[in-house]
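Have a look at the structure below, then the notes.
There are 2 protein chains.
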Amino acid sequence: MALTQEQRQMIVRHPLFSHFKAQAQEELLADALVRDYDTQALIQRQDDPAERFYLVQSGKVKLYRISADGKEKVVEIITAGNTFAEAIMFMQKSVFPVCAEALEPVKLIGFSNRLMLRHLEQNPQTCLHLLGHMSVRLHQRLDELEHLTLQNATQRLALYLVSQVRDRAGDSAEIELILPKSLIAARLSIKPETFSRAIANLRERGLIDSRARQISIPSIRNLLDEFAGGQQHTEHKASIIASDSL
Amino acid sequence: MALTQEQRQMIVRHPLFSHFKAQAQEELLADALVRDYDTQALIQRQDDPAERFYLVQSGKVKLYRISADGKEKVVEIITAGNTFAEAIMFMQKSVFPVCAEALEPVKLIGFSNRLMLRHLEQNPQTCLHLLGHMSVRLHQRLDELEHLTLQNATQRLALYLVSQVRDRAGDSAEIELILPKSLIAARLSIKPETFSRAIANLRERGLIDSRARQISIPSIRNLLDEFAGGQQHTEHKASIIASDSL
DNA sequence: CGGTCGGTTGATAATAGTCAACCTCTGTGG
DNA sequence: CCACAGAGGTTGACTATTATCAACCGACCG
């Protein structure tokens, strides 16, 4: 089961592979494994050993954590064209730190961690790219941590809505929620009920207008200003790493 | 102002430098910059441009974020022998994502990002080490995210106490808090008052015994079991990376 | 001796979670 | 064509958790 031309394109263009030499690319492609999952299928369980990382060819994948008492925290939603579980290969103990579930019919392309590591050893360029990637990721987690601790449910929702705006040309915008509201709520670490109330709250105050999954924002500026400047107007991007936990 | 022998030792033994060739090490050492800060001194402001990363020679450094409305979130406490801000050098826009403040008199050794990057380009070994480092860090943030959303203040405190146990030989332990309680509280994202009540709570239930900063845990197992197994007994270590935010 | 810092304790308020009812689509089968 | 079931979403009443404000305690310092 060789890869289609379309698949090869997608892979080779991905920053994780684009800097490799043709030969290295070929080896990785030869080793790639395509897998399909139905909606709701469990792709990988938390604490399973991880030998591969994945590129999502189509569909959406939900990454979440299950705590000892069964509660679930959605960590991320991975959409087509993006990879997940790349960072695990650099750790000694290679187990999946999260569960992965298909939100819709999903096609994944899996790559061997071992093989990838071998090629990385000879390709500092891609290593640096990966480091860049991970820095961004780390920074995003830092943002999320801040949002969780320093902002309330409504503020987080507002920030999420703004982040969903595609065209930042004007001060007003129309957006369509790409996921069921209950999932967005989970991603923001709030209950669907609270999510619903937060939407209602913003609507009552005239900051947004919503019909089902269509939401219009008359003024992005107003929406952000409402919350003490909500990150001084979408500025600040960077990340930090530090070698010691308290 | 050349480095002392002691400083050179500390640097060269650090995993970030230990894999470089002698010559590369020398170049980095030659470029290193030593700086002193008094207690409470502001080392770096959030959003300042960052040209260097730092190794803490002595003292403790508090990394924290300030949100637009002035609230502070303590991200990490860096102790002697550890580095911070290494991840920033991999990002295009190099600004500090957090503030850094000296908790006590601090000696820092700063290294040029540019120079370090140049050497990394020729040393995939260290790149991979760095990637490992960052994976661990990413995973820790994931843990923290889980703890913040899925556990309450008392559970987080219990987990913190257990994490502070040095000698895991027996089931009981004695620990000494290395930081003022109010700072630990900040790190756990709770108010000092709540922290105090949580301690009282655990004490009332006989799960810990505390006199000032000396805390004894009769049974670590009991303490953890109290909270639905609190991460199935200190297991699970790994991290994930994913290339798309919701 | 007074002051201040770190910490504790109490009363109260804000925020979000829980539980339950209900609503509104949408697709299915009678 | 209509009833009905079920999923996703909304709303209301109530509860739990944590923050806030304020008083207070004890230790250490000048």
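Note that the protein sequences, when read in sequence, are chains A and B.
Numbering of the first sequence is given in the numbering used here, commencing with residue 1 and proceeding in unit increments.
Numbering of the second sequence is given in the numbering used here, commencing with residue 247 and proceeding in unit increments.
Every residue gets a Cβ at the ideal spot worked out from N, C-alpha and C, and that includes glycine.
Since the model is a prediction, treat every value here as computed from it, not as a measurement.
Per DSSP, which residues does residue i bridge with? Please list them.
{"i": "A/A41", "result": "Answer by DSSP bridge pairing: none, since A/A41 is not bridged."}
{"i": "A/C127", "result": "According to DSSP, which records beta bridges pairwise, A/C127 is partnered with nothing at all."}
{"i": "A/I215", "result": "A/I175, A/S210"}
{"i": "B/V280", "result": "B/I355"}
{"i": "A/K191", "result": "A/K191 is not bridged to any residue."}
{"i": "A/S58", "result": "A/K107"}
{"i": "B/V411", "result": "B/V411 is not bridged to any residue."}
{"i": "B/E347", "result": "B/L288, B/K308"}
{"i": "B/E318", "result": "B/I312"}
{"i": "B/I324", "result": "B/V307"}
{"i": "A/V136", "result": "DSSP, once it has assigned bridges, lists no residue as partnering A/V136."}
{"i": "A/P49", "result": "A/V95"}
{"i": "B/T329", "result": "B/L301"}
Nearest to residue i by CA position, among the options, is which residue?
{"i": "B/T400", "options": "B/G378, B/I334, B/R443", "result": "B/R443"}
{"i": "A/S219", "options": "A/M116, A/I184, A/L130, A/L161", "result": "A/L161"}
{"i": "B/F330", "options": "B/F357, B/G452, B/L349, B/Q397", "result": "B/F357"}
{"i": "A/R205", "options": "A/P192, A/F227, A/S67", "result": "A/F227"}
{"i": "A/A158", "options": "A/A102, A/A80, A/R118, A/A200", "result": "A/A200"}
{"i": "A/D167", "options": "A/I217, A/H147, A/A185, A/Q122", "result": "A/I217"}
{"i": "A/A30", "options": "A/I208, A/L148, A/R8, A/D48", "result": "A/R8"}
{"i": "A/V289", "options": "A/G81, A/A68, A/R211, A/S189", "result": "Here chain A covers residues 1 to 246 and nothing more, so residue 289 of chain A does not appear."}
{"i": "B/I323", "options": "B/F342, B/V280, B/E350", "result": "B/E350"}
{"i": "A/V136", "options": "B/I430, B/S340, B/D315", "result": "B/S340"}
{"i": "B/K308", "options": "B/V321, B/D315, B/A314", "result": "B/V321"}
{"i": "A/P97", "options": "A/V56, A/P49, A/N123", "result": "A/P49"}
{"i": "B/H495", "options": "A/R65, A/G170, A/I215", "result": "Look at the range of chain B in this structure, 247 to 492, and you will see that residue 495 of chain B is not part of it."}
{"i": "B/P426", "options": "B/T395, B/Q460, B/L396", "result": "B/Q460"}
{"i": "A/L207", "options": "A/H119, A/P124, A/G170, A/D225", "result": "A/D225"}
{"i": "B/F299", "options": "B/L361, B/R259, B/Y283, B/G316", "result": "B/L361"}
{"i": "B/L274", "options": "B/D315, B/L366, B/R291", "result": "B/L366"}
{"i": "A/V56", "options": "A/G170, A/H14, A/K73, A/H133", "result": "A/H14"}
{"i": "B/R457", "options": "B/P370, B/E422, B/L249", "result": "B/E422"}
{"i": "B/L355", "options": "B/I430, B/G416, B/A278, B/C373", "result": "Note that residue 355 of chain B is Ile in the sequence shown here, rather than Leu. When each option's Cα is compared against that of B/I355, the closest is B/A278."}
With burial defined as no fewer than 16 other Cβ atoms inside 10 Å of the residue's Cβ, what is the status of residue i: buried or exposed?
{"i": "A/L16", "result": "buried"}
{"i": "B/I257", "result": "buried"}
{"i": "A/G59", "result": "buried"}
{"i": "B/R433", "result": "buried"}
{"i": "A/A173", "result": "buried"}
{"i": "A/K21", "result": "exposed"}
{"i": "A/S18", "result": "exposed"}
{"i": "B/G475", "result": "Unreliable placement is indicated for B/G475, whose pLDDT of 44 sits below 50; no coordinate value is reported for it."}
{"i": "A/E51", "result": "exposed"}
{"i": "A/E144", "result": "buried"}
{"i": "A/A87", "result": "buried"}
{"i": "B/N398", "result": "exposed"}
{"i": "A/E146", "result": "buried"}
{"i": "B/Q338", "result": "exposed"}
{"i": "B/R467", "result": "exposed"}
{"i": "A/L260", "result": "Residue coverage of chain A in this structure runs from 1 to 246, which leaves residue 260 of chain A outside it and unanswerable."}
{"i": "A/I178", "result": "exposed"}
{"i": "B/R402", "result": "buried"}
{"i": "B/Q368", "result": "exposed"}
{"i": "B/K437", "result": "exposed"}
{"i": "A/S182", "result": "exposed"}
{"i": "A/R67", "result": "Arg is not the amino acid found at residue 67 of chain A; the sequence shown has Ser there. A/S67 is buried by the Cβ-count criterion."}
{"i": "A/L117", "result": "exposed"}
{"i": "A/E26", "result": "exposed"}
{"i": "B/L288", "result": "exposed"}
{"i": "A/Q40", "result": "exposed"}
{"i": "A/E193", "result": "exposed"}
{"i": "B/K319", "result": "buried"}
{"i": "A/E101", "result": "buried"}
{"i": "A/R203", "result": "exposed"}
{"i": "A/L150", "result": "buried"}
Review point. In chain order, what residues of the stretch 61-75 of chain A put their CB closer than 7 angstroms to some CB of chain B?
Key: L63, R65, S67, A68, D69, K71, K73, V75
Practice item. Taking only beta carbons into account, state which residues of the stretch 174-193 of chain A come closer than 7 angstroms to chain B, listed in chain order. Key: R187, S189
Check your understanding: Between the stretch 354-371 of chain B and chain A, which residues of the former have a C-beta closer than 9 angstroms to a C-beta of the latter?
Key -> L363, L366, E367, Q368, N369, P370, Q371
Review point. Of all the residues that make up the stretch 19-48 of chain A, which are near chain B by a beta-carbon distance shorter than 7 angstroms?
Key: D47
**Study point:** Residues from the stretch 323-337 of chain B in contact with chain A, defined by Cβ distance under 7 angstroms
**Key:** I323, I324, T325, N328, T329, F330, A331, E332, A333, I334, F336, M337
**Study point:** Residues of the stretch 123-149 of chain A with Cβ closer than 8 angstroms to any Cβ of chain B, in chain order
**Key:** N123, P124, Q125, C127, L128, L130, L131, G132, H133, M134, S135, V136, R137, L138, H139, Q140, R141, L142, E144, L145, E146, L148, T149
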